[in-house]
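Working notes for the structure below.
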Amino acid sequence: MSAQGDCEFLVKRARELVPQDPYAAKAWLITARTLYPADFNIQYEMYSIERNAERTASAGRLLYDIFVNFPEQPVVWREIAVITAALRNDSQDKHAQFLKGVFETLPGPVQCKMLLKATEQCFNTLEKAEMLLLLLKRFPESVVQHGVSLGESLLEAETVENLDTPVNCFRKLFVCDVLPLILNNPNMCLPVSLLYKYMHKAAEFYICYVTREPSADAQIQGSQEVGGLKSPGRGRSQRYVIDGLSEKSSVVTEPWDRLLEMVGVVGSLCDWQGEKASRSYSELLQRVSELCRYMSATDSEGFSRCCAQIVTCCTLVLFHSAFHYVSAVQPSLFQGHTSLSSCPWVLLEDLSGVYTDVEVERKHTHKKRKLADGREKTMSSDDEDLLAKGRGRHIVVNKAEMPSWAETLEHFRTARESWDLLHSHQSLETEFAKICSSWKTEIWMWFRIFLTDMIIYQGQYRKALSSLGLMSSLQLQQNPNQNPLSSSSSLETQRAIIQQASCHYALGEYRMACEKLLEVVSGLMPQNHEAVKSSEEQRKPRSKTRRGNDLRLLPCTSKSILPFCLQLMLACFKLRAFTDNRDDLALGHVIVLLQYDWPQGENLFLKAVDKICQQGSFQYENFFNYVTNIDMLEEFAYLRTTEGGRVQLELLPNQGMLIKNPSPALGVELNTLLLPGAQKADRHHTVTRGITKGVKEDFRLAMERQVSRCGENLLTVLHRFCINEKIILVQSLP
Amino acid sequence: MSFTGFRSYFCDEQRSHCQLWAINVCRLIEANVTSLIINSEEMSDIRHALLRRDPLSAAKEVLYHLDISLGSALQSSTGPTPGLEKSMVELVEEFIFHVPKDRNIQPKRMSCVQELQLLEIMCSYFQEQSKDAIRQIIFSALFSLQGNKADESRMAMLGKLVSMAIAVCRVPILECAAVWLQRTHSAWCVRLAQVLMDDYCTLVPCAISTLQNICSASPRFCCQLITAVTALYDFSSDELTPPPALLEMLVGWITEDPRLLLLTFINTPLNSSLPLGCLEITPLLGLLRWCVKAPLAYQRCRKPALTNGHGESEKGTASEELYSKLHLSVLQVFLMLQVHLTEQNLIGRLAVLPVESVATLVEEVSRLCEKLTPFPAANHIQLALDRLAQALQVAMATGALLCAREDLRALCSRLPHNNLLQLVMSGPVVQPPPHSGPFQPNMYPHIHPGRPSSLSPHSPHPVLSPHPALSPHRPLTAHTAHPSLSPHAFHPAAMAFPYRPIR
């Protein structure tokens, strides 16, 4: 008998016995192995029995034997491939768990060898990387040898595959798995430049991961599920898969914390000045700004040495805080922040001072203008505003509507400070620009939103307007097919337009402001007036001293935006209405607009009445269309009486043209004729009566009718005013 | 002082006893506690005093004297274990085992209740005696067989004492019994085993669970008990076929920790001389005998009971599986033994399975086979021969059996044909090694701290850790070293694993 024949006989007997008497089968194989210790099949059969019975310890022991004794057997390699595959995927399958257990029983050096061999057999970069990662995780000593090359191969793969986002499988492995191993290995000695490169790669990944947009399919899914789900906010946005990875490994927990930790490690590796592993981003900023102040004050050489540290830290703080600000202001931009309750917020000029006496304000503006005139040659209007308003502006928020207002404003402030620090020195600015261009931050919509708000805050309204322009073009690029009717997009668009209006207003471009405003108003739905009242209440105690300097963060809803629009229009017309020149049309608009939030504007109204008394006459033919305030009606009725001074009021359409033709209002009058709508009925009414004789009677009737309209929803009336008188409103401004 | 053990049991005794005790105490003080030799004159005084008393208190008194004399002798002497005075032995035999000293005076026998009380006292004494050496000496003073007429009583008392110790789990007594089982002729050991089997297996069937639990308390005793029961049940008759409950218990013990079978072997110094005719040093051969003979014996049993129906055959099947499991365990223990022998550099120098015993087994098997042939039992004969062949091969390969292939061929010549046996007798076909270099035994490093090592301190057998006194070995008769064995071909670290590659 040949040895081969013997072995075959022994294995065959054992195999036959397995089903009926596994103990006997093992006894046969033990015997066989003592007879032919060098035979592979005998030992493989022993292993197979243990593996099939899922006995971890004995299977592991036998696998060890065959791995060491028969390294060239293809069967062994197939087995190892199966086991390492089980190690790589996170399956909870019982057999996979068993195979993992078997691997765990093996001694370290053998595990190491197995993984290396298995890595050699992988051709797919990702698989290979995952395999090598298993090795590095288990055997820290192998990090020195393989860590950097694995990292570089992942970064290279990213370039080769030409992926359009840093949130890809290669970067994820690099940042979340490989880099921590490299950085935390005490035996690694990396050049500082490489550390910065890796740090920046990691930061880019984490930031882009956090700020990723809601994935398209999640949105579709979300909108489909909304009907059935009890809490629609939960269903969407939870699922996110990085291409090439499983859902589980696509999750990055606490990205900002991880990033901060990494900063700490890199900082200590780079011997950063004053670095003691900051616990928060604001602490980080504080440290580098101190460093910056100290260094720039002492030596320029030291400063350039700290430059990279300052820029890196500052950039991270900037994006961290900007993200938090924008996620409060525009939550729908981000994956995982979408919920139905959150609406966008918009940063606008604060107009709560609009009802205050125009005299004070005019004097102030006048003075300012004079000052500005003196400097006109050297400074742009933006610079002037920067000087006047740029520092210490106050942002008003309704605290009930935004519970996290304090943090949000704090993040806004921190982000601005970081930005300022990054632009406080030429070399810092250059470094920061490099980072921005490599990360392509110019196409980060969310960051553009922050920048715009920051520019507005700085009072650089001209710049803000161009930033808003960039934003809308960015929006078009990124969502070319977006349905303009979908609620979120229209709110976002409106957000930009209303900000434009606010900027134009701040620049004194009232006509442009009004144009933008009316564009917005046409898309709004008037709410019940009463609902608004309560929120207005809170505005009152605000001191008047800061007026003109303040900003306001408003929720981007019809409920909040319509009142703002009305106030902004009032602000636009107010100045014009109370100039020394007579402008009845502007004064009339002001009176219409003053109805809102009555009696806040009572003083202004009385001032307007004084002006009318002085003029002795007043012509505003839309009066009866839009003035329903009983106090105002009463006042106007009184003006016509002898006691009231017999003011000549021409408040009915065409009346003026028939009685007399006041020159400044002529053009306007003609325009009125061109307008369709509400005036038609009145005109008809006018035509049927006597020319001068019945005027008094008409006025009385109109008054009576108007009093009956007092109960009408004021916001509906004013909304109609904005829409119907759009052209006349715009044209009545310079 | 060593008499604390017994003294507490004398408190309720009558006056005469108190006087006696007082005398002894005085004597102790006089003798300055250094040595206490009771001369024969005094001994006869004591004897006369004892004769007047009731048998239980007399027996207690003797135990008390035994304790004092041996305890103090052990304390004073630095030399070898002190011998027992002849007069003391006589006292023990007369008053504890009730052997009449002279024809005219028949000692009063104890009642059953008194005997039980005495056993209880002994139990407590051994339990509370903190000094191992004294306990051991007292135990052997009481129960070492003397080759006289007292031996029967001794055995009877010992059986009752051990049985009681099992029932109430008195580990010190079980440890003493383990030593007794190692030093006593196997015939007596078998008798003790018989008593215990009667008590725990035959008379009260469910009592076996009590015995089962003893394994964790005194593995040493259990190891010796296994050897004794394998010697007892030799399949020579139905009565001497291992009861299924016993078989199941043993398989349970062994699969839980196969090293149990090597316990006595590992803890016995190699130079200790054991008396002739004592039990085998390991239960391996006994168990092997079971595994090999079981298929043949059960076949024999089944022949008349063929029509008995299912119950019997199912029982047979269950036993078959247990024997198969047991057989595998035996082979695995051989592999463990090899590791131990390699570690101690004993490969080829120590016959764990004596060739003569193996020869006897082969002889028995061949006789049984002859009885069963021809035909119907062929499968069972083949199973028995397969097991025999496997055991022989593995035992030889692991160095447990020192026997050359040609000797083996002579040994097995009368056995019926069996393929595996043929293969084992002729040995493996020499083949060129597939890859160079012998297997490195130390290549399996234990980096995983979690891996349970059989040698780790939490092992239930603390005695398993390093082998005591190893230097001088029992010289071996000339033998041929196993051709396939070389000491460096084993890796000792693999104790936890049932299989290991062998070169």
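One line per chain: the protein sequences are A and B, in this order. Okay, so the first sequence: first residue is 1 according to the UniProt record's numbering, each after it adds one. Okay, so the second sequence: first residue is 1 according to the UniProt record's numbering, each after it adds one. Heads up, the beta-carbon is just placed ideally off N, CA and C, and yes, glycines get one too.
- With a cutoff of 9 Å on beta-carbon distance, Phe447(A) and Phe319(A) are scored as near each other.
- Here Leu551(A) is bridged, per DSSP, to Glu349(A), Ile395(A).
- By the CB criterion at 9 Å, Asp65(A) and Leu35(A) fall outside the cutoff.
- Residue environment for Lys574(A): buried (at least 16 other C-beta atoms within 10 angstroms of its C-beta).
- Leu733(A) places its beta carbon 9 Å or farther from that of Gln499(A).
- About 31 Å separates the CB atoms of Phe235(B) and Ser153(B); that is not less than 8 Å, and the two are not in contact.
- Counting C-beta pairs with one atom in each stretch, the stretch 43 to 52 of chain A and the stretch 24 to 33 of chain A have three or more that are closer than 8 Å, which means they touch.
- For Cys306(A), the three-state secondary structure derived from DSSP is helix.
- Sixteen is the threshold: when 16 or more other Cβ atoms of the shown chains lie within 10 Å of the Cβ of Glu93(B), as they do, the residue is buried.
- A direct Cα-Cα distance of roughly 8 Å separates His95(A) from Glu54(A).
- Annotation for Leu649(A): no alpha helix (DSSP H) segment contains it, though the beta strand (DSSP E) segment containing it runs 648 to 650.
- At a C-beta separation below 7 Å, Leu136(A) has no neighbours in chain B, since its nearest C-beta there lies roughly 17 Å away.
- Near chain B, meaning a CB-to-CB distance below 9 Å, no residue of the stretch 112 to 141 of chain A qualifies.
- DSSP lists Leu401(B) as the bridge partner or partners of Leu353(B).
- In this structure, Trp345(A) sits away from Leu566(A), with a CB-CB distance that is not shorter than 9 Å.
- At the C-beta level, Ala58(B) and Leu51(B) come within 9 Å of one another.
- The contact set of Gln390(B) on chain A, defined by CB atoms closer than 8 Å, consists of Ala27, Trp28, Ile30, Thr31 in chain order.
- Arg279(A) is classed as exposed because its beta carbon has fewer than 16 other beta carbons within 10 Å across all chains shown.
- Think of a sphere of 7 Å around the beta carbon of Tyr36(A): the chain B residues whose beta carbon falls inside it are Pro428, in chain order.
- For Gln619(A), the enclosing beta strand (DSSP E) has its first and last residue at 617 to 619.
- Taking Pro74(A) as reference, the option from Phe170(A), Gln121(A), Ser427(A) with the minimal CA-CA separation is Gln121(A).
- The DSSP-derived three-state label of His98(B) is coil.
- With a threshold of 9 Å between beta carbons, Phe450(A) makes no contact with chain B.
- Cα atoms of Gln477(A) and Leu87(A): separation of roughly 43 Å, rounded to the nearest angstrom.
- For the options Tyr596(A), Asp631(A), Glu725(A), the alpha carbon positioned closest to that of Leu715(A) is the one of Tyr596(A).
- Its Cα nearest to that of Phe303(A), the residue His425(A) stands out among Trp77(A), Phe170(A), His425(A).
- Cβ contact annotation for Asp39(A) (same chain, cutoff 6 Å, sequence separation greater than five): Cys7, in chain order.
- Around Thr398(B), the same chain offers Phe334, Leu335, Leu337, Gln338 as residues with beta carbons nearer than 7 Å, after the five sequence neighbours per side are excluded.
- At a cut-off of 9 Å between beta-carbon atoms, Leu87(A) makes no contact with chain B.
- In terms of CA proximity to Glu725(A), Leu517(A) leads the group Cys613(A), Leu517(A), Pro255(A).
- Setting aside the 5 residues that flank it on each side, Trp272(A) is surrounded in the same chain by Gln309, each with a C-beta closer than 6 Å to its C-beta; the list follows chain order.
- At a cut-off of 9 Å, the C-beta of Thr398(B) has a neighbouring C-beta in chain A.
- Taking 9 Å as the CB threshold, Phe9(A) lines the interface with chain B.
- The Cβ atoms of Glu239(B) and Pro354(B) lie no closer than 9 Å to each other.
- With respect to the 9 Å criterion, Glu321(B) and Tyr23(A) are classified as neighbours on the basis of their beta carbons.
- Here the stretch 271 to 279 of chain B makes no contact with the stretch 339 to 358 of chain B; the two share fewer than three CB pairs at distances below 8 Å.
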